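Undergrad: Dropping a structure here in structure tokens format, bear with me for questions.
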DNA sequence: ATCGTAGCCTGGTAGC
DNA sequence: TGCTACCAGGCTACGA
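Structural data, given as structure tokens:
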């Protein structure tokens with residue numbers, strides 16, 4: 518559920534508080550949070566202790582800390598992951614999974630209720646493990662025309678395409694619904710039926726909504742999406758579609774509807790984003 | 001090759 | 001009150 522803007526908020530915090538620091542100790546409190554680290558928790562700890570953190574990077578919803586031996590600590594927040602910076606003697610949160618002690622006496626904490634996320638050490642920067650993750654819209658190398666071209670070659674619905682991290686990364690349910698609302702597109706519209714101009718505008722909306730959300734510190738619905746200081750962003754007040762079932766559309770006043778889609782929910786304005794009548798529409 | 005979906009996870013809440 | 005069922009949903013693995 519933390520999507521690109523929320524992950525970037527976390528990356529900025531790590532950049533400020535963790536980069537330049539050395540790791541003095543690591544504790545894995547729940548091995549499930551490092552299950553993607555093949556060699557296991559003790560190896561995870563050994564690969565971190567004594568290393569200095571040289572950079573904090575991100576692609577899509579993945580972020581990683583670059584260590585001074587060229588390896589990196591790949592991190593995904595999943596649905597409920599948090600990276601917090603605090604004093605080691607601060608109260609232990611309920612779902613504390615990993616602690617990383619730093620040489621300035623502070624502690625990086627990975628807190629995760631649902632354990633969809635986790636950490637793993639990769640040999641490289643960028644991690645080869647995320648080679649399949651496409652550039653995200655905030656990446657300087659992001660190529661709109663390329664994404665539009667690839668998208669229009671797919672045989673699927675437009676929201677499915679937006680959520681496919683191998684096509685464009687960083688988009689989750691919230692910003693997909695927001696971009697589709699801005700573009701006045703129904704989630705089931707065929708990618709093949711989109712005109713180049715429509716698809717280009719959709720990608721532009723994805724970029725814009727993420728940029729605006731980032732400027733407000735990200736979106737927060739419950740206390741789960743927070744920066745490294747545990748604070749929430751404010752973009753939820755700016756949402757036009759997501760989570761607004763029964764509210765009037767900010768554009769036309771029709772009542773926003775929620776519909777099951779891909780085993781989750783999709784929000785749209787039934788007037789601005791009408792259901793396609795055939796495959797092309 | 002491409003597309004669609006089951007399952008991983010926990011806690012809050014709706015419903016009985 | 002206490003129980004069950006459901007929902008939140010990013011990602012991987014796997015089947016069609």
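Residue numbers (my numbering): 518 to 798. The beta carbon of each residue, even a glycine, is placed where N, CA and C say it ideally should be. From a predicted model like this one, the values you see are computed outputs, not experimental measurements.
How big is the Cα-Cα spacing for residue 759 and residue 775?
TA: Straight-line Cα distance between these residues: approximately 9 Å.
Undergrad: By DSSP, does residue 765 sit in helix, in strand, or in coil?
TA: Of the three classes helix, strand and coil, the one that applies to residue 765 here is strand, per DSSP.
Undergrad: Counting along the chain, where does the beta strand (DSSP E) carrying residue 593 start and finish?
TA: Here the beta strand (DSSP E) through residue 593 covers 589–593.
Undergrad: In this structure, how does DSSP classify residue 608 when only helix, strand and coil are distinguished?
TA: Residue 608 falls in the coil class under three-state DSSP.
Undergrad: If I measure Cβ to Cβ from residue 764 and keep anything under 8 Å in the same chain, skipping five residues before and after, which residues do I get?
TA: Cβ within range, chain order: 772, 773.
Undergrad: Run through DSSP, which three-state label would residue 616 get?
TA: Three-state result, residue 616: strand.
Undergrad: Would you identify the three-state DSSP class for residue 566, choosing helix, strand or coil?
TA: Three-state result, residue 566: coil.
Undergrad: Flag this pair as yes or no: are the beta carbons of residue 542 and residue 566 separated by less than 8 Å?
TA: Taking 8 Å as the Cβ cut-off, residue 542 and residue 566 qualify as a contacting pair.
Undergrad: Does DSSP put residue 659 in a helix, a strand or coil?
TA: Here residue 659 sits in coil by DSSP.
Undergrad: To which residues of the same chain is residue 684 closer than 8 Å at the C-beta, ignoring the five residues directly before and after it?
TA: These residues qualify, in order along the chain: 651, 664, 667, 668, 671, 678.
Undergrad: Would you call the CB atoms of residue 531 and residue 573 closer than 8 Å?
TA: Cβ distance < 8 Å, so residue 531 and residue 573 count as in contact.
Undergrad: Take residue 552 as the anchor and find which of 793, 591, 653 has the nearest alpha-carbon.
TA: Checking every option, the nearest Cα to that of residue 552 belongs to 591.
Undergrad: Between the beta-carbon of residue 602 and the beta-carbon of residue 625, is there less than 8 Å?
TA: Cβ atoms of residue 602 and residue 625: closer than 8 Å.
Undergrad: Counting pairs of Cβ atoms below 8 Å between the region 642–657 and the region 606–621, do you hit three or more?
TA: Cβ pair count under 8 Å is below three, so no.
Undergrad: For the alpha helix (DSSP H) holding residue 648, just list the boundary residues, first then last.
TA: Taken as a continuous stretch (DSSP letters only), residue 648 belongs to no alpha helix (DSSP H), as it is neither H nor E.
Undergrad: Using a Cβ-Cβ cut-off of 7 Å (strictly less than) and excluding sequence neighbours within five positions of residue 562, which residues of its own chain qualify?
TA: Result list for residue 562: 543, 545, in chain order.
Undergrad: Give, in chain order, every unbroken run of the beta strand (DSSP E) that is at least 3 residues long and sits entirely within the region 528–559.
TA: Fully enclosed beta strand (DSSP E) runs of 3 or longer: 540–545.
Undergrad: So, at 6 Å on beta carbons, what are the nonlocal neighbours of residue 740 in its own chain, with the 5 sequence-adjacent residues on each side left out?
TA: Summary for residue 740: the model assigns pLDDT 49, below 50, so the residue's position carries little reliability, and this model does not support an answer.
Undergrad: Can you check the region 672–731 for any alpha helix (DSSP H) of at least 4 residues that lies completely inside it and give the ranges in chain order?
TA: Qualifying alpha helix (DSSP H) stretches, in chain order: 675–680, 690–700.
Undergrad: From residue 577 to residue 642, what does the alpha carbon distance come to, in whole angstroms?
TA: When rounded, the distance between both Cα atoms is 15 Å.
Undergrad: Please classify residue 605: is it buried, with 16 or more other beta-carbons within 10 angstroms of its beta-carbon, or exposed?
TA: Residue 605 should be labelled exposed.
Undergrad: Between the region 711–723 and the region 691–698, do three or more beta carbon pairs fall short of 8 Å?
TA: Short answer: they touch.
Undergrad: Pull up the CB-CB distance for residue 704 and residue 785, whole angstroms please, since I reckon it's below 8 Å.
TA: Right, their Cβ atoms sit about 7 Å apart.
Undergrad: Can you give the Cα-Cα distance for residue 717 and residue 735, rounded to whole angstroms?
TA: The straight-line gap from Cα to Cα measures roughly 24 Å.
Undergrad: Taking residue 784 as part of the beta strand (DSSP E), name the residues at either end of that continuous run.
TA: From DSSP, the beta strand (DSSP E) with residue 784 extends over 781–785.
Undergrad: By the three-class DSSP mapping on this structure, what secondary structure does residue 669 have?
TA: Residue state, collapsed to three classes: helix.
Undergrad: Does the Cβ of residue 609 have 16 or more other Cβ atoms within 10 Å, making it buried, or fewer, making it exposed?
TA: Burial call: exposed.
Undergrad: Taking the beta carbon of residue 729 as the centre, do at least 16 other beta carbons fall within 10 Å, making it buried, or is it exposed?
TA: Exposed.
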